[in-house]
Every structure is written in structure tokens, then in C-alpha cells.
Amino acid sequence: MRATAVREGGTGEPERTVLHCARFRLDLSTPVVMGVLNVTPDSFSDGGRYLELPRALERARQMVEEGAALVDVGGESTRPGAAAVTEAEELRRVIPVIERLAAELPVPVAVDTRNAAVMRAALAAGAAMVNDVAALSAEGALDAVSASDAAVCLMHMQGEPRTMQQAPRYGDVVGEVRAFLRERAGSCVAAGIGRERIVVDPGFGFGKTLAHNLDLLRGLPAIAADGIPVLVGLSRKSMVGQLTGRATADRLAGSLALAVLAALNGARIVRAHDVGPTVDALRVAAAAAAAPGEGGA
Ligand code: 7PM
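Numbering (our numbering), first residue to last: 1050 to 1346.
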């Protein structure tokens, strides 16, 4: 797999795609895995105040041990169909976790949010990336990121999480998603966010039918050709359910197949729940797909 995005190094050196995430430099020459850490009150917990933090820290450490190159912390404010979470609740869920993880993990911590106040608090707490399913469209979001040296993931979504799956519609899904991502990246650059800090994401499942998702998977090379590293989130998604008939917990094999295909089509960051298996799958795929003599990962 060849670098197509931000290139560092002079002539004669191998191409490198390097993402700047605050104090971190992430080498994307071969695809890496972003581990998903959901911070939501669950049935084992106590509404979050005492048990949530140690459980989240333990899970994040485990994902890094399994090879995660980044950890994405989300308070589920952006989940399709999810009930709205207030800003205060989102802050209460994610900020203590980000503070602890940023202090102890050897990898960048991302915050998954659409809210500018949550972005600012997370960046102050040490987050090195903002992962925004709304591509910094909220009031103050562009400013929050440009005031930092963190990276940003700009995701495409048609509609709003609560209703986006009701009737997704495109003329040319790949062309429209690609144009949108280019436009948002341009707005970021105009706001002072350097290109070396930007990744884009077609937003699988966010206002897309199965046919749209498959078109986007096949269209990834065109999106990657714009030269901005591509992140994909396919792990356990409903498209895997539609293709296999399996429930969320039984979608690992299908998710790995999609992760490998996305990487072969140019994705540089794969967001996944099952970090270890995804790291293995991508490592094998990268070695098998490497040019003769390149030797793979
Ligand atoms: C229910 C449905 C729970 C969907 C969670 C989800 C993405 C993301 C999510 C993605 C980026 C999930 C999604 N998906 N951020 N956040 N890209 N950048 O499967 O595809 O985790 S939430």
C-alpha cells in the first residue's frame, strides 16, 4: 500500500504519510487502528460516578496493548438514533476519562463529539484529536480546533443522527461525499488548521443505505486520491448485519473483511471495537499487498 497523502521526507527517502496530532506524530504509511472507547452509563455501573472511570481506563490500556495507534473516547452523543445527551452530561462522561488517558497512554486520545464546548474541554484535558461526525459544522467548532494543535477527523453525514436512516438519497454518493469532504478540509485550512492535521471519513452508515455504503467502499480510492488521509468506521455496523444477518456481537468476521477491503482501497485509519483482530488483519493484508521487495509492515 502506497502513501498518497501528506508526504514527508526528501527525494530518495521512502514516502511517509504523517499525521500531526498535538505532540504526537502518527505514521500512516501502513494502516493503523483507532480503538473505540464508549463512555456511557451501563447496567453494571452506578450511573457512572465510581465504576465507570476505572473500567474505561482498563479497556483503553487493553486496546493499546492490542496495538491501537489511537483511542477514540465518545459519550454517545452522536450515535444514530440515540437520545440526545446534554452538554453537561457529555462533559461529565468524557472529560475525566480523557484527562486520565491523555496523561498515561503512549498514543493520541481522540474525543468523539460535535459540541464545541466539549471539544475545548477535551483539548484542554489533553485530547490530541477531535473526531467529529458533523465535520466541525457546529458554532465555534472550527475555532476550537484551530486554537489547538490537535488533529481533526471530518466525517460526512447526510441529515441528523436521529432521522438520517429514514430516506438517504444521493445522485452520485461517492462524488457528493468526496466534494463535501474536500470543502470541509478547505474550510479547516482557511481557518488555520494545517493539512498535516486533517483526516476525512466517508461516514459509513450515517445517512446511507447498504448500496450507498458499498459504493463508498468501492469509491475509497477516489476519495483517497484527494491526498487527505482517510479514516473509516465499519466495525460492527448495520451494513455487516445486513450482509451476514448477524447481531452486533457476532459481526467480527464481517467487520474484518470490510477493514481489509477499506485498507486495500486506501484507508489509513480503521476505527474498530475489536482492536487485536483488526491489527492482525491489517498487518497481514499490508504485507500481502506490498509491492515486490517492499516487505510489507
Ligand atoms: C450505534 C450506531 C452506536 C453507530 C455507535 C455507532 C463513526 C464515528 C461512530 C465513524 C467516525 C459506531 C457508531 N461511527 N466516528 N463514530 N467514523 N469518525 O459504530 O464511522 O461506533 S458511532
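Don't be surprised by glycine CBs; every beta carbon is placed ideally from N, CA and C.
For this session: Any chance you could list the beta strand (DSSP E) runs of at least 3 consecutive residues sitting entirely within the region 1263-1299, in chain order?
Result: Counting whole runs of 3 or more residues, the region 1263-1299 contains the beta strand (DSSP E) stretches 1280-1282.
Problem set entry | Residue range of the alpha helix (DSSP H) that includes residue 1149 | The count along the sequence shown starts at 1 and reaches residue 1149 at position 100. It spans 1136-1153 - the alpha helix (DSSP H) in which residue 1149 sits, taken as one unbroken run.
Exercise. So what does DSSP say about residue 1244, is it helix, strand or coil?
Worked result: Taking the first residue of the sequence shown as position 1, residue 1244 is located at position 195. If DSSP states are grouped into helix, strand and coil, residue 1244 belongs with the helices.
Exercise. Which residues in the same chain as residue 1199 place their Cβ atom closer than 8 Å to its Cβ, once the five residues preceding and following it in sequence are excluded?
Worked result: As a first step, residue 1199 must be located in the sequence shown, where it is residue number 150. When the five nearest sequence neighbours on each side are left out, the beta carbons in the same chain lying within less than 8 Å of the beta carbon of residue 1199 are those of 1070, 1071, 1172, 1176, 1177, 1178, 1179, 1246, in order along the chain.
Problem set entry | residue 1255 beta carbon near the ligand FMN (any heavy atom closer than 8 Å) | Inclusion of the ligand FMN in the displayed structure is not the case, the ligand content consisting of the ligand 7PM alone.
For this session: With hydrogens ignored, establish whether the beta-carbon of residue 1161 is closer than 8 Å to any heavy atom of the ligand 7PM.
Result: Taking the first residue of the sequence shown as position 1, residue 1161 is located at position 112. Residue 1161: yes, Cβ under 8 Å from the ligand 7PM.
For this session: State the Cα-Cα distance for the pair residue 1225 and residue 1272, rounded to the nearest angstrom.
Result: The count along the sequence shown starts at 1 and reaches residue 1225 at position 176. The count along the sequence shown starts at 1 and reaches residue 1272 at position 223. Straight through space, the alpha carbons of residue 1272 and residue 1225 are spaced by roughly 10 Å.
For this session: Round the Cβ separation of residue 1354 and residue 1122 to the nearest angstrom and send it over; I've been treating them as touching at under 8 Å.
Result: Limits of the chain in this structure are 1050 at one end and 1346 at the other, which puts residue 1354 out of reach.
For this session: Kindly indicate which three-state DSSP category residue 1235 falls into: helix, strand or coil?
Result: Within the sequence shown, the letter at position 186 stands for residue 1235. Residue state, collapsed to three classes: helix.
Exercise. Can you name, in chain order, every residue of its own chain whose Cβ lies under 7 Å from the Cβ of residue 1169, other than the five neighbours on each side?
Worked result: As a position in the sequence shown, residue 1169 is number 120, starting the count at 1. So the list reads 1193, once near-sequence residues are dropped.
Exercise. Residue 1216 to residue 1299, Cα distance in whole Å?
Worked result: Walking along the sequence shown from the start, residue 1216 turns up at place 167. Walking along the sequence shown from the start, residue 1299 turns up at place 250. The alpha-carbon atoms of residue 1216 and residue 1299 are separated by roughly 27 Å.
For this session: Answer with buried or exposed for residue 1139, where buried requires no fewer than 16 other C-beta atoms within 10 angstroms of its C-beta.
Result: Translated into positions along the sequence shown, residue 1139 becomes position 90. When all chains shown are included, residue 1139 counts as buried.
For this session: Could you tell me whether the region 1208-1215 touches the region 1260-1279, where touching means 3 or more Cβ pairs closer than 8 Å?
Result: no
Exercise. In whole angstroms, what separates the C-alpha of residue 1114 from that of residue 1248?
Worked result: Working through the sequence shown from its first residue, we reach residue 1114 at position 65. Working through the sequence shown from its first residue, we reach residue 1248 at position 199. Approximately 24 Å, taken between the alpha carbons.
Exercise. With C-beta atoms as the reference, is residue 1320 less than 9 Å away from residue 1283?
Worked result: As a first step, residue 1320 is located in the sequence shown; it is residue number 271 there, counting from the start. As a first step, residue 1283 is located in the sequence shown; it is residue number 234 there, counting from the start. Contact: yes.
Exercise. Taking Cβ positions, are residue 1191 and residue 1240 nearer each other than 9 Å?
Worked result: The residue you call residue 1191 lines up with position 142 of the sequence shown. The residue you call residue 1240 lines up with position 191 of the sequence shown. The answer is yes: Cβ separation under 9 Å.
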